[in-house]
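Novice:
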Amino acid sequence: MQNKEIRLASRPSGMPTGDTFQFVDTEVPELKEGEVLLRSLFISVDPYLRGRMREGKSYVTPFEIGQVIESGGVGEVVESRSQNLKPGDIVSGQLGWRTYNVANAKHLMRTIPGLSPTTALGVLGIPGLTAYFGLLDIGQPKSGETVVVSGAAGSVGMTVCQIARLKGCSVVGIAGSDEKNRYLRDELGVDATINYKTTRDMFGALKEACPNGVDVYFDNVGGAVSDATLPLISDRARIVLCGQISIYNADKLDVGLRPQPFLLIHSASMKGFIITQYASRFAEGVSQLVEWFTTGKLKHAETIVEGFENTPKAFIGLFTGENLGKQIVKV
Ligand SMILES: NC(=O)c1ccc[n+]([C@@H]2O[C@H](COP(=O)([O-])OP(=O)(O)OC[C@H]3O[C@@H](n4cnc5c(N)ncnc54)[C@H](OP(=O)(O)O)[C@@H]3O)[C@@H](O)[C@H]2O)c1
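Just so you know, we're using our numbering here: the sequence shown kicks off at 86 and counts up by one.
Shown next as structure tokens:
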């Protein structure tokens, strides 16, 4: 059976381009005991994949040149040599960028019946869990506090904004377009928003939006946006380092404001985390996210690009902000 896959052709310098990826026609291998054949339905493209395209060590093993790119995906079982899954089942898991994947059934999870399977890649999947544990465990927001979220209109960011609102906080979202910011305010109830691409004085805009200072800063982007936020932290503020997308394409280390004086005088803390550290508590997180989602307390947005061949383009679009909410490819 014919298959198509997308491999890492070369390590990008700066922004990935079409040359970073190679499309290859292959054959689907025979199934071994315990394995299933999946027809790809949806592929999740995620910012952290850029880190895996570098040679150096990061928290996930780098892709080798010629290796198939892999990320979260949803597929339909078309053939099964597992007792646990049958043809027609819809499952999610870590899958190759292929039109068909052979996977061991024990690494796959059935998607939740009655809900769109794409939620397993976004609000009820890793991005949702990242928002949940990052905000609640590290950010520890309390009712009445001010929470600032960068990358606020992305998959993680918009979930953070809503959980912070559910906890009774005043939420300030920072995103890269007026349309995204309108969505955050009108659809998600975010109290104030700032467009970091058009605002000249980010510090001034943040100061106005946070008259009592910033109690929790959930940072998805780093760089200049964070430099403008740090001087506004209040006493015992918590800074959650979730992502630094503004520097993922940089070839040199970023130099910016030194956070130590602000952390010191405010007895504040700054903590990074990788969501897999919370794996033993995923069931708790998913259960709470599902309850909020199915009762309408938690909304989500998705940007769906159609066509397997557009997977690299959808990935590259994350770095220019093409997506509102979770960026997904419909295979
Ligand atoms: N720690 C963890 O375990 C963990 C897990 C998942 C994700 N993350 C991190 O969380 C962040 C969000 O991930 P996501 O999956 O939800 O992606 P996302 O926010 O849905 O998509 C990326 C967004 O980043 C913004 N962006 C791109 N370049 C930027 C720049 N130079 N400066 C400011 N904003 C920029 C864009 O929105 P604008 O239009 O607003 O620019 C874009 O839509 C990423 O940094 C990711 O690496 C961390």
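Quick reminder that beta carbons are idealized off the backbone N, C-alpha and C, glycines included. Keep in mind it's a predicted model, so treat the numbers as computed, not measured.
Cα separation between Tyr217 and Leu374?
Specialist: So the two alpha carbons sit approximately 8 Å from each other.
Novice: Pro198 and Ser177: beta carbons closer than 8 Å?
Specialist: No, the Cβ-Cβ distance between Pro198 and Ser177 is not below 8 Å.
Novice: Contact defined as beta carbons within less than 8 Å: I believe Gly261 pairs with Asn280. What is the distance between those atoms, to the nearest angstrom?
Specialist: Their Cβ separation, rounded to whole angstroms, is 7 Å, which keeps Gly261 and Asn280 in contact under 8 Å.
Novice: Using the three-state DSSP reduction, which class does Met243 fall into: helix, strand or coil?
Specialist: Helix, per DSSP.
Novice: Using DSSP with H/G/I as helix, E/B as strand and the rest coil, what is Lys191?
Specialist: Three-state DSSP puts Lys191 in a helix.
Novice: So, for Leu317: in the same chain, excluding its five sequence neighbours on each side, which residues have a beta-carbon less than 7 Å away from its beta-carbon?
Specialist: Cβ neighbours of Leu317 beyond the five flanking positions: Leu291, Lys292, Cys295, Gly298, Val299.
Novice: How would you call Asn169, buried or exposed, if buried means at least 16 neighbouring beta carbons within 10 angstroms?
Specialist: Per the 10 Å Cβ criterion, exposed.
Novice: Does any CB atom of chain D fall closer than 8 Å to the CB of Ile350?
Specialist: Considering every chain present, this structure includes no chain D. It has just one protein chain.
Novice: Suppose you measure from the CA of Cys246 to the CA of Glu112; what does that come to, to the nearest Å?
Specialist: If you take the alpha carbons of Cys246 and Glu112, they lie about 44 Å apart.
Novice: At what residues does the beta strand (DSSP E) containing Lys411 begin and finish?
Specialist: Element bounds for Lys411: 411–415.
Novice: Taking the C-alpha atoms as reference points, what is the distance between Val233 and Asn186?
Specialist: Taking the straight line from one Cα to the other gives about 40 Å.
Novice: Grab the span of the beta strand (DSSP E) containing Tyr268 for me, first residue to last.
Specialist: Premise fails: Tyr268 lies in the alpha helix (DSSP H), 263–271, not in any beta strand (DSSP E).
Novice: Shortest alpha-carbon distance to Glu407 belongs to which of Pro132, Val275, Ala94, Gly103?
Specialist: Measuring from the Cα of Glu407, the nearest candidate turns out to be Pro132.
Novice: By how many angstroms is the C-alpha of Phe400 removed from the C-alpha of Met100?
Specialist: Distance between the alpha carbons of Met100 and Phe400: 11 Å.
Novice: Per the contact definition of three or more C-beta pairs closer than 8 Å, is the stretch 230–244 in contact with the stretch 316–336?
Specialist: Verdict: yes, contact present.
Novice: Between the beta-carbon of Gly207 and the beta-carbon of Lys411, is there less than 8 Å?
Specialist: Closer than 8 Å, so yes.
Novice: Going by other Cβ atoms of all chains shown within 10 Å of its Cβ, with 16 needed for buried, is Gly141 buried or exposed?
Specialist: By the 10 Å Cβ count, Gly141 comes out exposed.
Novice: Is the distance from the Cβ of Ser311 to the Cβ of Ser235 below 8 Å?
Specialist: Yes, the Cβ-Cβ distance between Ser311 and Ser235 is below 8 Å.
Novice: Using 8 Å for Cβ pairs, my map puts Leu214 next to Val371. What's the rounded Cβ distance?
Specialist: Leu214 to Val371, Cβ: 7 Å. Contact.
Novice: Buried or exposed: which applies to Tyr333, given that a residue is buried once 16 or more other Cβ atoms fall within 10 Å of its Cβ?
Specialist: That one is buried.
Novice: Would you kindly report the start and end of the unbroken alpha helix (DSSP H) that includes Phe400?
Specialist: Note, Phe400: alpha helix (DSSP H), 396–402.
Novice: Can you tell me whether DSSP reads Tyr363 as helix, strand or coil?
Specialist: Tyr363 falls in the helix class under three-state DSSP.
Novice: Please report the distance separating the alpha-carbon of Ile350 from that of Ile223.
Specialist: Between Ile350 and Ile223, the C-alpha separation is close to 20 Å.
Novice: Once you ignore the five residues that flank Gly357 on each side, which residues in its own chain have a CB closer than 7 Å to its CB?
Specialist: Leu326, listed in sequence order.
Novice: Report buried or exposed for Ser365, applying the criterion of at least 16 other Cβ atoms within 10 angstroms of its Cβ.
Specialist: When all chains shown are included, Ser365 counts as exposed.
Novice: Do Leu269 and Gly253 have their C-beta atoms closer together than 8 Å?
Specialist: Contact: no.
Novice: Judging by CA-CA distance, which residue of Gly160, Leu383, Thr146 is the nearest neighbour of Ile154?
Specialist: That would be Thr146, whose Cα lies nearest to the Cα of Ile154.
Novice: Using a threshold of 8 Å, state whether the C-beta atoms of Ile413 and Phe127 are closer than that.
Specialist: Their beta carbons are under 8 Å apart, which means Ile413 touches Phe127 by this criterion.
Novice: If you follow the beta strand (DSSP E) that Asp110 is part of, which residue opens it and which one closes it?
Specialist: 106–112 is the extent of the beta strand (DSSP E) around Asp110.
Novice: So what's Leu123 in DSSP terms, helix, strand or just coil?
Specialist: In this structure, Leu123 counts as strand in the three-state DSSP scheme.
Novice: If you draw a straight line from the alpha carbon of Val390 to that of Pro346, how long is it in whole angstroms?
Specialist: Roughly 44 Å separates the two Cα atoms.
Novice: Going by DSSP in three states, Leu93 sits in which element: helix, strand or coil?
Specialist: If DSSP states are grouped into helix, strand and coil, Leu93 belongs with the strands.
Novice: Would you call Lys420 buried or exposed, if buried means 16 or more other Cβ atoms sit within 10 Å of its Cβ?
Specialist: The question about residue 420 has no answer, for the chain in this structure spans 86 to 416.
Novice: Ser125 and Thr184 - do their beta-carbons sit closer together than 8 Å?
Specialist: Taking 8 Å as the Cβ cut-off, Thr184 and Ser125 qualify as a contacting pair.
Novice: Is it right to say Tyr302 is buried, meaning 16 or more other beta carbons lie within 10 angstroms of its own, or is it exposed?
Specialist: Looking at its Cβ environment, which holds 16 or more other Cβ atoms inside 10 Å, Tyr302 is buried.
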